[in-house]
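Residue numbers (the numbering used here): 4 to 123. Think of the CB as a built atom: it goes at the ideal place given N, C-alpha and C, for glycine as much as any other residue. Data first, discussion second: the structure below is written as structure tokens.
Here is the structure:
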């Protein structure tokens with residue numbers, strides 16, 4: 004699993020489907036290449052001081068490490084946008100929230116793919 008680091012990649016993922024959770028928002032995008040799953044993390048300044056934002060980001064990174072890589076769609080990019088609630092929310096609850104969000108995104112992406120006309 005790789006990390007997203009370029010602004011253009013974050014912007015591309017922002018145009019895709021998203022799922023909300025009390026502690027974060029998960030955005031996704033299916034890529035055309037055969038690369039590994041890539042994940043990016045962001046926390047806006049309205050979520051507190053730099054120390055608090057870094058702590059939120061660390062918690063989100065740990066969530067992704069502990070989540071099943073199988074639950075992430077291959078050849079996809081994901082961005083987790085942290086919220087202030089992530090500072091004090093129970094970690095196991097956040098992990099469950101992430102798994103549910105990934106399942107919903109998977110269904111939503113599959114639905115979008117089936118509704119697109121195939122190009123032959």
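query, result
"Tell me the DSSP bridge mates of residue 22?", "29"
"In the DSSP output, what is residue 94 paired with across the bridge?", "Answer by DSSP bridge pairing: none, since residue 94 is not bridged."
"Does at least one heavy atom of the ligand SAM sit under 7 Å from the Cβ of residue 56?", "Absent from the structure shown: the ligand SAM. Ligands present: none."
"Give a yes or no on whether the C-beta atoms belonging to residue 21 and residue 28 are separated by under 8 Å.", "yes"
"Got a sec, what are the start and stop residues for the beta strand (DSSP E) residue 41 sits in?", "41-45"
"Do residue 44 and residue 64 have their beta-carbon atoms positioned less than 8 Å apart in this structure?", "yes"
"Of the residues 90, 37, 19 and 54, which one's Cα is nearest the Cα of residue 116?", "19"
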